Amino acid sequence: MSTISREEVAHLARLARLEVTDDELDAFAGQLDVILESMKTLAEVNTDGVQPTSHAVPLVNVFREDQPQPSLPRDAVLAGGPDTAEDRFRVPRILDEEA
Amino acid sequence: MTKLNDYDKAVETYEPVLGLETHIELDTKTKMFCGCSTAFGAEPNTQTCPVCLALPGALPVANKAAVEATIKIGLALNCHIAEWTRFARKNYFYPDMPKNFQTSQYEEPLCENGYVDVVVDGKDHRIEIERVHLEEDTGKTLHVGGATGRIHGATESLVDYNRAGIPLVEIVTKPVPGTGALAPEVARAYVAELRDIVRSLGVSDVRMEQGSLRCDVNLSLNKPGDEWGTRTETKNVNSLRSVERAVRFEVRRQSALLDAGEKIIQETRHFHEGDGTTSPGRSKEEATDYRYFPEPDLAVMEPSREWVEELRASLPEPPRQRRERLQAAWSLGDKEMQSVVNADAVDLIEATVAAGATPSGAVKWWLGELSRRANESGEELGALAITPAQVAELQGMVDDGRLNDKLARQVIDGVLAGEGSPADVAAERGLEVVSDTGALEAAVDEAIAANPAVADKIRGGTHAAAGVLIGAVMKATKGQADAGTVRQIILDKLS
Ligand SMILES: [Zn+2]
Chain A
344 MSTISREEVA
354 HLARLARLEV
364 TDDELDAFAG
374 QLDVILESMK
384 TLAEVNTDGV
394 QPTSHAVPLV
404 NVFREDQPQP
414 SLPRDAVLAG
424 GPDTAEDRFR
434 VPRILDEEA
Chain B
2 MTKLNDYDKA
12 VETYEPVLGL
22 ETHIELDTKT
32 KMFCGCSTAF
42 GAEPNTQTCP
52 VCLALPGALP
62 VANKAAVEAT
72 IKIGLALNCH
82 IAEWTRFARK
92 NYFYPDMPKN
102 FQTSQYEEPL
112 CENGYVDVVV
122 DGKDHRIEIE
132 RVHLEEDTGK
142 TLHVGGATGR
152 IHGATESLVD
162 YNRAGIPLVE
172 IVTKPVPGTG
182 ALAPEVARAY
192 VAELRDIVRS
202 LGVSDVRMEQ
212 GSLRCDVNLS
222 LNKPGDEWGT
232 RTETKNVNSL
242 RSVERAVRFE
252 VRRQSALLDA
262 GEKIIQETRH
272 FHEGDGTTSP
282 GRSKEEATDY
292 RYFPEPDLAV
302 MEPSREWVEE
312 LRASLPEPPR
322 QRRERLQAAW
332 SLGDKEMQSV
342 VNADAVDLIE
352 ATVAAGATPS
362 GAVKWWLGEL
372 SRRANESGEE
382 LGALAITPAQ
392 VAELQGMVDD
402 GRLNDKLARQ
412 VIDGVLAGEG
422 SPADVAAERG
432 LEVVSDTGAL
442 EAAVDEAIAA
452 NPAVADKIRG
462 GTHAAAGVLI
472 GAVMKATKGQ
482 ADAGTVRQII
492 LDKLS
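Each protein sequence line maps, in turn, to chains A and B.
If you read the first sequence in our numbering, its first letter stands for residue 344, the second for the next number, and so on.
If you read the second sequence in our numbering, its first letter stands for residue 2, the second for the next number, and so on.
What follows is the structure, encoded as structure tokens:
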């Protein structure tokens, strides 16, 4: 029995803007379940007083001085988008009609 | 049509609970995680790079100046500065976010648990600060195809990413109960105080009208003794006056709904500058689910206590303390000082006094004639084309008797029109009090001859009638006489 439901997978897919077929929903639910089960094993370890890990490298306080660097040429930047107008990226309507 | 209660009635029945979220754009030279310039007004999409566009393989590095500025803000707001803090990704899709996530902070903000005290109606109100964290701004969208340039009804949008990645500090209050009918004024006073504090730190120009300080207003109502009600969040309330109006409107709107037995929907609302109303924002097609996770590309921060104390030692005098000091030095009453603060004239008056004017002279010009001019032209007082040194010079000319108030106002016309310093304008326009007593006496004689009945009255002891003759002399000299001197000459001649 999966601890993660098809509905939850569908919800995640929607948040990530992924199109997923019904068959894939079942398949991913099963696969994500395996991952969650593995995490449960980790959860058994006592981590009291252990700092959460974000990185594999033991670096802290990596900062940059506030010195301007050249930006990219605009043409190169705009070339990376599917459509442009007035030197800006052009995107489809953001809100649905009823919103 | 939205049903609204009378405000005073509403706050008799319900207790408002406030919450304020403020975003402040820092004025660092570069963006939060890359070296792109943050200069305002550049051509669209000329200040972007692989990092702020999140191109594959780009590696962000935190801007030290932005971290320092945030710690300073936290310290000035009496916060605890975290010993261990990190960035997090807030995941969502929206065209103004080129990365499809915003680098922000989640469970481990840089600063926590502070407070700000504001005075409203002679009473202290403590606003507790929950957190101060560092994140990045989004791009700017231009909505086209709609009737009003707004997102509603637009057929498409155009995006400029120059602003995407500029450091943004978010300051969140704890819920603020207990303000009662004063909720709108307390909200306004808090944002004003926050603005003054941040401005005094020199880390942002905090200009609400330019969007470098933006405010979201949370509000709920409950009956006394009940639990707190459901809150609404009114987004992008971008002037002090609007903060006050948004609170007031939501109190009136929510109380009408509650009176009718309806429920408040927890939602985002938009504020309309024109009529001071709010309306529901975009529908929640999906409950906010940002799937925050620790940002793997940025190292954890451990601000050393030495660094924090160094920054604490560098803090300027808190604005409130400074205002109290200046109020005493200028011998102003509470009301008068409040007017100075509301007119945003503290710095201007301080500089004018430093340039040699008396405090009363400086206050008189900035709060009187110059405030009136600023109102007329819709400018901020500080944006007027006259400097504190010029105001001090003008007041000096009045004190020396070279200008009267009427002539001084004409001199201001000239200075504002770019004709030079007050002395230049007075010389150029021939504005100078007539001090030649011979000429004044002749003008007085003419006025007496032209108004025999008035002259008789004055001879009879009715000195108040001298006003008519003074008016005539002022007219004859085109306002360039000193009224006091003229009056003395008249009384000398007619007694
Ligand atoms: Zn960049």
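Virtual Cβ for every residue (Gly too), placed ideally from N, Cα, C.
Keep in mind that this is a model prediction, so the values were computed, not measured.
Quick one: what's got a C-beta closer than 6 angstroms to Pro317 of chain B's C-beta in the same chain, skipping five residues either side? Start at 1 with the first residue of the second sequence, and residue 317 of chain B comes out as number 316. For Pro317 of chain B, where only same-chain residues beyond five positions count, the Cβ hits under 6 angstroms are Ser201.
Can you pull the chain B residues whose beta carbon is under 8 angstroms from the beta carbon of Val405 of chain A, in chain order? Within the first sequence, residue 405 of chain A is the residue found at index 62, counting from 1. The contact set of Val405 of chain A on chain B, defined by CB atoms closer than 8 angstroms, consists of Val62, Ala63, Leu299, Ala300 in chain order.
List the DSSP bridge partners of Val170 of chain B. In the second sequence, residue 170 of chain B corresponds to position 169, counting from 1. Bridge partners of Val170 of chain B: B:Ile25, B:Leu135.
Alpha-carbon to alpha-carbon, Ala355 of chain B and Asp7 of chain B: Along the second sequence, read from residue 1 onward, the residue named residue 7 of chain B stands at position 6. Along the second sequence, read from residue 1 onward, the residue named residue 355 of chain B stands at position 354. For Asp7 of chain B and Ala355 of chain B, the distance between alpha carbons rounds to 47 angstroms.
C-alpha distance - Leu54 of chain B paired with Asn79 of chain B, whole-angstrom precision: For the purposes of this step, residue 54 of chain B is taken as the residue at position 53 of the second sequence. For the purposes of this step, residue 79 of chain B is taken as the residue at position 78 of the second sequence. When rounded, the distance between both Cα atoms is 35 angstroms.
Backbone CA spacing between Lys264 of chain B and Met33 of chain B [nearest angstrom]: Within the second sequence, the letter at position 263 stands for residue 264 of chain B. Within the second sequence, the letter at position 32 stands for residue 33 of chain B. The alpha-carbon atoms of Lys264 of chain B and Met33 of chain B are separated by roughly 42 angstroms.
Beta strand (DSSP E) segments (min. 3 residues) lying fully within the region 199-226 of chain B: Whole beta strand (DSSP E) segments, 3+ residues: 214-223.
Indicate, with yes or no, if ligand 1 has a heavy atom lying under 6 angstroms from the CB of Val12 of chain B. The count along the second sequence starts at 1 and reaches residue 12 of chain B at position 11. Incorrect: Val12 of chain B has no Cβ contact closer than 6 angstroms to ligand 1.
Pick from A:His354, A:Leu402, A:Thr364: whose alpha carbon is nearest that of Trp85 of chain B? Here residue 85 of chain B refers to the residue found at position 84 of the second sequence. Closest by C-alpha distance to Trp85 of chain B, out of A:His354, A:Leu402, A:Thr364, is A:Leu402.
At the 7 angstroms Cβ level, is Leu316 of chain B part of the contact set with chain A, yes or no? Numbered from 1 along the second sequence, position 315 holds the residue referred to as residue 316 of chain B. No, no contact with chain A.
What is the rounded straight-line gap between the Cα of Ala442 of chain A and the Cα of Gly282 of chain B? Within the first sequence, the letter at position 99 stands for residue 442 of chain A. Within the second sequence, the letter at position 281 stands for residue 282 of chain B. With a pLDDT of 34 at Ala442 of chain A, under the threshold of 50, the modelled position of that residue is not reliable, and no figure is offered here.
Tell me which residues share the same chain as Glu362 of chain A and place their Cβ nearer than 8 angstroms to its Cβ, disregarding the 5 neighbours each side in the sequence. Along the first sequence, one-based indexing puts residue 362 of chain A at 19. The residues are Ala356.
What's the call for Val377 of chain A, buried or exposed, on a 16-neighbour Cβ count within 10 Å? To locate residue 377 of chain A, count along the first sequence from 1; it is residue 34. Classification for Val377 of chain A: exposed.
For Glu381 of chain B, which of B:Asp206, B:Gly415, B:Ala344 has the nearest alpha-carbon? For this step, residue 381 of chain B is matched to residue 380 along the second sequence. Out of B:Asp206, B:Gly415, B:Ala344, the CA that lies nearest to the CA of Glu381 of chain B is found in B:Ala344.
Contact list for Glu1 of chain B against chain A, beta-carbon separation under 7 angstroms: Because chain B here runs from 2 to 496, residue 1 of chain B falls outside it and cannot be looked at.
Here's the rule: buried if 16 or more other CB atoms are within 10 angstroms of the residue's CB, otherwise exposed. What is Phe250 of chain B? On the second sequence, position 249 is the one that residue 250 of chain B refers to. By the 10 Å Cβ count, Phe250 of chain B comes out buried.
Neighbourhood of Lys124 of chain B by C-beta, 7 angstroms cutoff - its chain only, sequence neighbours within 5 removed: Residue mapping note: residue 124 of chain B aligns to position 123 of the second sequence, counting from 1. Counting only Cβ-Cβ distances below 7 angstroms, and skipping sequence neighbours, we find nothing.
Any heavy atom of ligand 1 closer than 6 angstroms to the beta-carbon of Cys50 of chain B? The residue labelled residue 50 of chain B in the question sits at position 49 within the second sequence. When distances are taken from the beta-carbon of Cys50 of chain B to the heavy atoms of ligand 1, the shortest one is below 6 angstroms.
Selection of the region 409-422 of chain A by Cβ proximity to chain B, strictly under 9 angstroms: Residues of the region 409-422 of chain A with a C-beta atom less than 9 angstroms from some C-beta of chain B are Asp409, Gln410, Pro411, Gln412, Pro413, Ser414, Leu415, Pro416, Arg417, Val420, Leu421, listed in chain order.
Through-space distance from Arg436 of chain A to Leu421 of chain A, alpha-carbon basis: In the first sequence, the residue the question calls residue 421 of chain A occupies position 78. In the first sequence, the residue the question calls residue 436 of chain A occupies position 93. Cα to Cα, the separation comes out at about 19 angstroms.
What is the DSSP secondary structure of Glu440 of chain A, counted as helix, strand or coil? As a position in the first sequence, residue 440 of chain A is number 97, starting the count at 1. Only weak support exists for where Glu440 of chain A lies, its pLDDT of 42 falling under 50; the coordinates are left without a value.
Kindly indicate which three-state DSSP category Leu5 of chain B falls into: helix, strand or coil? Within the second sequence, residue 5 of chain B is the residue found at index 4, counting from 1. Judged by DSSP in its simplified three-state form, Leu5 of chain B adopts coil rather than helix or strand.
Collapsed DSSP secondary structure at Asp125 of chain B in the structure displayed: If you number the second sequence from 1, residue 125 of chain B lands on position 124. The answer is strand: DSSP assigns Asp125 of chain B an E or B state.
Contact list for Glu303 of chain B against chain A, beta-carbon separation under 7 angstroms: By 1-based counting over the second sequence, the position of residue 303 of chain B is 302. In chain order: Val403, Asn404.
Could you give the residue range of the alpha helix (DSSP H) that holds Asn376 of chain B? As a first step, residue 376 of chain B is located in the second sequence; it is residue number 375 there, counting from the start. That run of the alpha helix (DSSP H) goes 370-378.
Neighbour-count burial assignment, Ile25 of chain B, 16 or more Cβ in a 10 Å radius: Numbered from its first residue, the second sequence carries residue 25 of chain B at position 24. Counting Cβ neighbours within 10 Å, Ile25 of chain B comes out buried, since at least 16 surround it.
If we cut at 7 angstroms on Cβ distances, does Ala36 of chain B have a partner in chain A? For the purposes of this step, residue 36 of chain B is taken as the residue at position 35 of the second sequence. Residue identity differs from the one stated: residue 36 of chain B is Gly in this sequence, not Ala. Closer than 7 angstroms: yes.
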